[in-house]
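I have placed the structure first, in the form of structure tokens, so that the comments after it can refer back to it.
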Amino acid sequence: MTVRFRLLGDVEARVHDSPIAIGYAQLRAVLAVLLVEANQVVSVEKLVDRVWSDRPLPRRPRAAVQHSMTMLRGALTPAGVTITRRSTGYQLSVDPESVDLHRFRRLVEDGRAAGDDGRAAALLEEALRLWAGEPFAGLDTAWLDSLRATLIQHRHAVRLELVDIQLRLGLHAALLPDLSAWAAGNPLDERLAGQLMLALYNCGRPADALEHYQEVRRRLADELGTDPSPPLRQLHERILATDPALTAFVRPHTAVVPQQLPARPRLFSGRGRELADLDAALGEDDAVVISAVGGLGGMGKTWLAVQWAHQHLDRFSDGQLYVNLRGFDPAGQPMSAATAIRGFLDALGVAPSAVPVDVDAQAGLYRSLVADRKMLVFLDNASDSAQVVPLLPGSSACVVLVTSRRQLNGLVAAHGARALNLDRLGDDEARRLLATHLGEDRLVAEPGVTAELLTCCGGLPLAISIVAARAGTHPGFPLSVLADELREQNDLLDALDAGEDLVSLRAVFSCSCNALPAEAATVFAALGLAPGTDIGLPATASLTALPVARVRTALRELEQANLVGQHAPGRYRMHDLVRLYAGERAQHDPAAVRRVVDFYVHTAFAAERVLDPLREPLAIGVPAQGCVPLGFEDETAATEWLATEFANLLAVQELAAGQGLHDQVWHVGWTLNTFFRRRGDYHDAVTVWRAGVAAADHTGDRIAQAQTRRLLGDACSGLGLQSEALRHLGDALRISEQAGDVPGQAHAHHLTASIWEDLGDDRRALEHATPALRLFQDLGMAVWEAWGYTQVGWHQARLGLYEQARVHCEAALVMARRHQERELEATTVDSLGYIAHHTGHHAEALDLYGLALGLLRDLGYDHHEVATLERIGHTYRALGHHDRAETVWRQALELCQAQHRAEDAGRIRRLLTPGRAH
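Using my numbering, you'd call the opening residue of the sequence shown number 250 and step up by one each time.
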């Protein structure tokens, strides 16, 4: 049996994930010492020193060690672990890979030696996942304390290396709220001012960058009687000149290679001339190659484009980007260019928190990331030229492929696109395609009927594939049976009501649907009502109120009939013309719409409860009859579901708004709140909560109106829209006061205090933090009361009220640990470190900062590590340890650079030796 040992957290041993009882703290300390020195002989003297340290020694130390060994052997020997007595001490023999500390060190070494950034990142991520808490948690000896601090620093360095690699892979973080807050708190810091200007510039806000320079210039003159330093003046001049080098930092050293191209068509025939035309366009390499493939719906534009792209994959060695722009989606509006760009940024490895606020800046970042790379940008199903233009790269190394039902004359005239307008397949090509599906022998056997079938299909590949699928379900039946069915449908149905009168596609669709089993036909019609671009099996089951097993069978039948496609395991989508017809057959079915909306809302609610179980739950009622939401066992499953269904959840919100399901509209936002916060995705959060506010206003529910405005304000703050955030929070507070909603008042004050903190005004922040704390106390909301204590304490500390601050923060710390709120614990310990430093207790400050740093790393909140590292450096400098201060500041600088926090990096550079930090 394999025993796994944990040192990076509580000291423990496990077999098959079941703990082995080790016993009291002293025994765990002995085990920890032996595991740290695994397979090495540890002397009795060293064991005594490391375990008892500065505590009173036992009367007979050697006997105490022997007793500990006896106890450990009794626990570990049955699991196959041996502790051997040697002449000079004791040796625990174990595979180093079974000890998390040694595995961590090995993975880090392998990651540092890896020649590939992707491999290195994977190894370092695996290493960091081994940490389950503070090393040797609950054990307190001088030696373990010292080693704990060292390991925490080691983990920090590894985390910095990982983030640096993520930078080279194209990841970056431009979080202006944090940078603006630091600049506001240090108005005379020219380095910081310069970095804020650079971040503003790279977020598409050059006017704000120039205004900030003027503000700093005025303050320097008024308060110090000096002018800006030469570096700041030079940066100002470069911004005025729009120096392209200022944006060079967004370019990755090792690029993510996206592979978004849809699968190659299984059956393809014909279109030889069109493929040759696309080949000819590829040869023109003096500018961006843009080919615009146009034609009626069902003409096979995507089919042709995907086939051609797969034939030339070697030409696109740096990746392929694909997006369905949904220009003619019957279920919703065309996709905005901004949404498409953000999807591309995600595919290129840019974290949501690193996406600039300004849409133009997002487009600029996208073009920077694809510049000089041999890539295909496939823009499928565009509505018009205006939708396409913002998505065009600027580099001639890229090839752009666009499909649309409209002629993109603007793209041709302004951007030199080559237009390729598809017509119906010729008779010979259409026949070859049908033969590819059914076999030549079957067509030769009934030449007249074959001709009639092809006439009915009108040369449209979509119609041919559906007719072929229908014929393929009964390979023994003569084709004349199918021809009779199509003839009857042509007599019964009008031409397709989409302005496309070349052929009655509705007759083809109807013929295929009428041949389906009844339940499959029901599922087909219901799919026409589904929101979003695709749908999974569980959602389909709730949409139709059918058991999953029967839905799976029905979808298999629809797939065989070419009416749906399974583009990923368990996920289905339709051609938009097929979907239009399905919706026509479904007509109006409010019960089905309610079931599918409830499925997404209640499943997302279940995911949110897993991600934040301590959050005050929302009363969302019970799902509609026939709706069966999903549940989740852990955070990983919940997060994966939210990420997969995110686009559909946005579509659900839009559908709910259109159906007047106003509660469900803002419930969608509530269920996504933690997901947004963890991803740093404030762009989508603002959009969702603006819709949520509008929906809450329709309900007349004053508490909902206040809550939606609070959360919209919080999202606006994340985007740096502080003025708008304060306005929404002010409205929320007013509504809560009018409605007598005391919890709402407390939360509004709490969030308002946070925004004033971002703006650097601790006095205004304290004016809101104090009533928030009082209200949380009156309500008995213990966790929020603890957050209130630490918020009040922090602002008091910033204002120099250290004794009051300590009392509040110590109360917060006790409550944080009681409720196992680790994020709150990290925040509070950091504040206590700040208080200790400023009251002259520097050694205590280092201990507290070290604890805060370990907690932040455990939580993965590397963005917050910079501030703690910076404060650690100040404490070292106060103690006269200038070399140690420089070491931690360099770590903070590397972390800032890896996260593209330019202003924070500038501030930290000023703390370092001039000329050595870059």
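All C-beta atoms in this analysis are idealised placements derived from N, C-alpha and C, irrespective of residue type, glycine included. Small disclaimer: the values here were computed from a predicted structure and weren't measured.
Pick out whichever of the options has its Cα sitting closest to the Cα of residue i.
i: ARG809; options: ALA1075, ALA769, ASP912, GLY707; result: According to the sequence as given, residue 809 is Gln; it is not Arg. Nearest option by C-alpha distance: ALA769.
i: PHE517; options: PRO477, THR936, LEU687, PHE854; result: LEU687
i: ASP1010; options: VAL293, ASP389, SER429; result: SER429
i: VAL1041; options: LEU574, ASP476, HIS998, GLY1089; result: HIS998
i: LYS623; options: VAL505, ALA732, VAL651, GLU1119; result: VAL505
i: PHE353; options: GLU375, THR337, VAL293; result: GLU375
i: PRO642; options: GLN611, HIS824, GLN1069; result: GLN611
i: ARG951; options: THR936, ALA934, ALA988; result: ALA988
i: VAL648; options: TYR931, HIS816, GLY568; result: GLY568
i: PHE487; options: ALA587, GLY521, MET446; result: Before going further, note that residue 487 is Arg rather than Phe in the sequence given. Of ALA587, GLY521, MET446, the residue nearest in Cα terms is MET446.
i: SER317; options: ARG277, THR326, LEU284; result: ARG277
Does any residue of chain E bring its CB to less than 8 Å from the CB of residue i?
i: ASN897; result: The chain inventory of the structure shown lacks chain E, comprising one protein chain alone.
Can you tell me where the alpha helix (DSSP H) with residue i in it begins and where it stops?
i: PHE1025; result: 1011-1028
i: SER317; result: 310-325
i: GLU1034; result: 1031-1047
i: THR699; result: 696-706
i: LEU614; result: 608-619
i: SER1003; result: 991-1007
i: GLN902; result: 884-907
i: ALA1065; result: 1051-1067
i: ALA841; result: 839-860
i: LEU976; result: According to the sequence provided, residue 976 is Arg. The question's Leu does not apply to it. Per DSSP, ARG976 belongs to the alpha helix (DSSP H) from 971-988.
i: GLU464; result: 455-468
What is the DSSP secondary structure of residue i, reduced to helix, strand or coil?
i: GLN874; result: coil
i: LEU420; result: Residue confidence for LEU420 is low, a pLDDT of 44 falling below 50, so the modelled location carries little weight; the figure read from the coordinates is stated next. It is coil, neither helix nor strand.
i: ALA371; result: helix
i: SER653; result: strand
i: ALA810; result: coil
i: ILE1157; result: helix
i: VAL599; result: coil
i: PRO710; result: helix
i: ARG263; result: strand
i: LEU484; result: helix
i: TYR931; result: helix
i: ASP946; result: helix
i: VAL348; result: strand
i: PRO268; result: strand
i: HIS955; result: According to the sequence displayed, residue 955 carries Ala and not His. Looking at ALA955 - three-state DSSP - the assignment turns out to be helix.
i: VAL604; result: coil
i: ALA646; result: coil
i: ALA817; result: strand
i: ARG515; result: coil
i: ILE401; result: helix
i: ALA668; result: strand
i: ALA794; result: coil
Would a C-beta distance cut-off of 8 Å place residue i and residue j closer than the cut-off?
i: ARG680; j: LEU671; result: no
i: ASN922; j: TYR849; result: no
i: LEU1176; j: TRP392; result: Since the first residue shown for the chain is 250 and the last is 1167, residue 1176 is missing from the structure and cannot be characterised.
i: ALA1021; j: ALA1035; result: no
i: PHE387; j: ALA281; result: Looking at the sequence shown, residue 387 is not Phe but Gly. Contact: no.
i: GLY232; j: ARG828; result: Nothing about residue 232 can be reported from this structure: the residues present for the chain run from 250 to 1167 only.
i: VAL651; j: ALA541; result: yes
i: TYR842; j: LEU804; result: Per the sequence presented here, residue 842 reads as Val, with Tyr not at that position. No, the pair does not count as a contact, with Cβ atoms beyond the cut-off.
For the beta strand (DSSP E) containing residue i, name the first residue and the last one.
i: PHE627; result: 625-631
i: VAL252; result: 252-255
i: TYR571; result: 569-573
i: THR333; result: 331-334
i: ALA287; result: Looking at the DSSP string, ALA287 is not in any beta strand (DSSP E), and its letter there is neither H nor E.
i: ARG820; result: 820-822
i: GLN340; result: 339-342
i: ARG299; result: Counting along the chain, ARG299 falls outside any beta strand (DSSP E), though it belongs to the alpha helix (DSSP H) covering 293-301.
Legend entry - Three-pair Cβ contact test at 8 Å for the region 548-567 versus the region 586-597: No: the two stretches stay apart, fewer than three of their Cβ pairs being nearer than 8 Å.
Legend entry - Touch test, the region 899-910 against the region 867-880, Cβ-Cβ under 8 Å, three pairs minimum: No: fewer than three Cβ pairs fall under 8 Å.
Legend entry - Touch test, the region 1123-1131 against the region 1076-1091, Cβ-Cβ under 8 Å, three pairs minimum: yes
Legend entry - Validate contact between the region 693-703 and the region 607-627 using beta carbons, cut 8 Å, 3 pairs: no
Legend entry - Segment contact flag, the region 984-997 with the region 951-960, C-beta cutoff 8 Å, min 3 pairs: yes
Inset, instruction - Taking 8 Å as the threshold, find out whether the region 793-800 comes into contact with the region 910-925 through three or more Cβ pairs. - result: no
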